[in-house]
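In case it helps, full-length UniProt numbering puts the sequence shown at residues 1 to 499. Everything below concerns the one structure shown next.
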Amino acid sequence: RRDGIRPPPPRTDVEASEPPTKKKREAQLLHMRQVRSQGIDPNGRPRSAGALSPVPNKNPRVARKAQTASKIIVSAFHQPTAGGERKSPPRPRRLARRRTEAEPSQQDTDVTPPQIPQQNRKPSHHRMAPPPRHLLLLPVLLLVSLLRAAQMETVHAAAGEGDRDEGARALLALLQRVQSEALRALGPRDFDPKLYVDLPLAPGADRAAAEAALATVTTRGEMEAFLARYFARAGSDLVEADPPDFEAEPRGFLPRVASGEARAWALQVHALWKDLARRVAPSVAARPDRHTLLPLPGRVVVPGSRFREVYYWDSYWVVRGLLVSKMYDTAKDIVLNLVYLVEEYGFVLNGARSYYTNRSQPPLLSSMVLELYTATGDLGLVRRAFPSLLKEHSFWVSELHNVEIMDNHGRLHNLSRYQAMWNKPRPESATIDEELASKLNSTAAKEKLYHQIASAAESGWDFSSRWMSNSTDMTTLVTTFVIPVDLNTFICKVRWNGT
Numbered sequence: 001r002r003d004g005i006r007p008p009p010p011r012t013d014v015e016a017s018e019p020p021t022k023k024k025r026e027a028q029l030l031h032m033r034q035v036r037s038q039g040i041d042p043n044g045r046p047r048s049a050g051a052l053s054p055v056p057n058k059n060p061r062v063a064r065k066a067q068t069a070s071k072i073i074v075s076a077f078h079q080p081t082a083g084g085e086r087k088s089p090p091r092p093r094r095l096a097r098r099r100t101e102a103e104p105s106q107q108d109t110d111v112t113p114p115q116i117p118q119q120n121r122k123p124s125h126h127r128m129a130p131p132p133r134h135l136l137l138l139p140v141l142l143l144v145s146l147l148r149a150a151q152m153e154t155v156h157a158a159a160g161e162g163d164r165d166e167g168a169r170a171l172l173a174l175l176q177r178v179q180s181e182a183l184r185a186l187g188p189r190d191f192d193p194k195l196y197v198d199l200p201l202a203p204g205a206d207r208a209a210a211e212a213a214l215a216t217v218t219t220r221g222e223m224e225a226f227l228a229r230y231f232a233r234a235g236s237d238l239v240e241a242d243p244p245d246f247e248a249e250p251r252g253f254l255p256r257v258a259s260g261e262a263r264a265w266a267l268q269v270h271a272l273w274k275d276l277a278r279r280v281a282p283s284v285a286a287r288p289d290r291h292t293l294l295p296l297p298g299r300v301v302v303p304g305s306r307f308r309e310v311y312y313w314d315s316y317w318v319v320r321g322l323l324v325s326k327m328y329d330t331a332k333d334i335v336l337n338l339v340y341l342v343e344e345y346g347f348v349l350n351g352a353r354s355y356y357t358n359r360s361q362p363p364l365l366s367s368m369v370l371e372l373y374t375a376t377g378d379l380g381l382v383r384r385a386f387p388s389l390l391k392e393h394s395f396w397v398s399e400l401h402n403v404e405i406m407d408n409h410g411r412l413h414n415l416s417r418y419q420a421m422w423n424k425p426r427p428e429s430a431t432i433d434e435e436l437a438s439k440l441n442s443t444a445a446k447e448k449l450y451h452q453i454a455s456a457a458e459s460g461w462d463f464s465s466r467w468m469s470n471s472t473d474m475t476t477l478v479t480t481f482v483i484p485v486d487l488n489t490f491i492c493k494v495r496w497n498g499t
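In C-alpha cells, the structure reads:
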C-alpha cells in the first residue's frame, strides 16, 4: 500500500468464531497502532479525529445526528460507581464476537490483556453477564426521541395552511372575506381587522348561507345586519372563570415591599387576575369548525382588550406574576395548555387561534416549567411536560429554523433564526399587510414581504427596526436573514433547564 502498511488478511467465518492466538493478537495490535499513528482507517482511507465510523456520512446533518445518537447510547451503558468513576457493564458475548479484528476495543489498543490458559477458560456465558434490562430499554427510548426529532423537520409542511381541520379552514377563509368587505363598507376609521377573524358563527347560523349572503352586502347598514345575523360577539367563546386559588391578599405576598402606598398599588394589580381569567367554552371543543379559537383544557389568562386568546411568550410573564401572587394552580393550568399545543401541533403556537398555526414565538416553555417547579417542587409537572419540551426543542433546531455558519477559523456552527411558515397576509392583520405590500410591484416580492412580516411576528418584536435593512421602511424587512442572539440564548437555556 502507498502508506507502507499491510492490512491483515480478511477473516473467514471459521476464523471469526475461533479465539485469536497470542501471536495473531500481537500482530493485530501492532497493525492498529500503525494505522492510528498515520491517521487512516484499517482500509487505508483518511480518518478524521473523533470520527465515529471509518466512512463519514456525506450528509453533515445526518452524520451529526448519528454522532449524537452514538454518544447518548454509549453514555447510557456507563454507570457511575460509588467512587465517582464510570464503569461499563460487560458486553454480551454475541456483541463482543461481532467486533472485527480491524476494530479492536479501546482496551485492546492500550494494553494487551493477560492470556487465560485454554484449560482454565470457562464458557463465555459464565464470563459475561448481560446488562440489566432497564439499561437495555434506555437507549431504545433515547433513539425513539431522536427519531421523533428528525420527523419534526417536516412539521411545517403539515401546519403551513392553518388549522388541520377542513371546516375551520373554510371558516377562516369566510372571515377573511368578511374582513375585506367590512373595510370597504365601514371605512378605515377605527377599523380593527382582528375583530372579524375572531368572530364565531352564531348558534344556528350556517356557514354556506353566510357566504351566499355576504355577496349581497354593499352598504354599512347591510354589513351591520349581516354581522348581527350570522356571527356571535368576538370573544363570546371564552367564558369568565374565577380562579380558585385567588386570595385578595395572599400570605407572603411581596414580603420586601415596606411602603404602604406601593403595597396597595400592587394589590390592585394583583386583583386584575380575576378580570383576565377565562376558560374556553365547551362549544369550541364540540364544534371547532365554528370557531377560530382553539380548545384548551385548562383555565387561561388573556392579555385583554383586542387580544382575547392565550399568547405564547406573554404567558411566561403571566406565569411569573401568578407565582408572585401564590396562584400556583392557575400557573400550572397555563403551562399545561401550552404543553397541549405542543402535543397537538408539534410546537407552541404564536397564540391559541387557528390562524396562528403558521408560526411560534420565543421558546420559553421550559423556563415556565422550571419557574413553576422551583416554586412548587411539582415533579409530576416536569414528567408530564418533558416529552413536549424535547419536541419543541427539535422544532427550533430543525431544518426550518437551522442555519449553518462558518467562523473565521473554519469551524461550523448550527444556530437558529425566526422563520414563519407563511407567505401571505397575516389573517389577523391582512388589510394592514396588503396595504404595506401595495408599494411593491411583483407578486413574488409581495410574498417575500409577507414571509418576512410573519417571521418578525414570530419573534415577538413586531415590529422593530432590528429586522429591517432600512430602519424607516418596513418593506425592507429581512427577519429570516438575521441570526438573533436572544433566540439562540433561549434555545441554549432550554438545554440548561434540562440538566
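Backbone N, C-alpha and C fix where the C-beta goes; we use that ideal spot for every residue, glycine too. Everything numeric in this text was worked out from a predicted model, so none of it was measured.
When secondary structure is reduced to three states using DSSP, Y418 falls in the coil class, being assigned neither helix nor strand.
In the DSSP assignment, V300 forms a beta bridge with R278.
Within its own chain, the residues whose Cβ lies closer than 8 Å to the Cβ of A456, once the five positions on either side in sequence are excluded, are Y418, D462, F463, S464, W467, L477, T479, listed in chain order.
S325 and P250 do touch by the CB rule: their CB atoms are close to 6 Å apart, below 8 Å. Counting of Cβ neighbours within 10 angstroms places T431 among the buried residues, the total reaching 16 or more. Annotation for A210: L174, Y230 place their beta carbon closer than 7 Å to its own, counting only its chain and skipping 5 residues before and after. When only Cα atoms are considered, V197 and L272 end up about 27 Å apart. At a Cβ-Cβ threshold of 8 Å, A241 and R184 do not count as neighbours. Note: E404 is bridge-paired with N414 in the DSSP secondary-structure output. For the pair M327 and R306, the Cα-to-Cα distance works out to about 25 Å. The beta carbon of V257 sits closer than 6 Å to the beta carbons of R263 from its chain, once the five residues preceding and following it are set aside; these are given in chain order. Under the three-pair Cβ rule at 8 Å, the region 217-237 does not count as touching the region 310-320. Rounded to whole angstroms, V302 and R353 show a C-alpha spacing of 13 Å.
Contact between the region 425-442 and the region 184-194 is present: 3 or more CB-CB pairs across the two stretches fall below 8 Å. Following the DSSP letters along the chain, one finds L477 in no beta strand (DSSP E), marked with neither H nor E. For S367, same chain residues with a beta-carbon under 7 Å away, outside a window of 5 residues either side, are Y316, K493, N497 in chain order. Bridge pairing for Y311: G351 [DSSP]. Here DSSP, grouped into helix, strand and coil, assigns L201 to strand.
E447 and A286 have their alpha carbons spaced roughly 35 Å apart.
For F463, DSSP assigns no beta-bridge partner whatsoever. In the DSSP assignment, E240 is bridged to R278. Annotated three-state conformation of M327 is coil, per DSSP.
Beyond the five residues adjoining it in sequence on each side, G298 comes within less than 6 Å, by CB distance, of D333, L336, N337 in the same chain, given in chain order.
Assigned with DSSP and collapsed to three states, F231 falls in strand. Put simply, of N423, T216, F386 the residue whose alpha carbon is nearest the alpha carbon of T499 is F386. Looking at the DSSP output, L293 bridges to R353. Distance from the CA of D314 to the CA of G304, rounded to the nearest whole angstrom, comes to 11 Å. Beta-bridge annotation (DSSP): M468 is paired with L477. By alpha-carbon distance to E344, the top candidate from G221, K391, W265 is K391.
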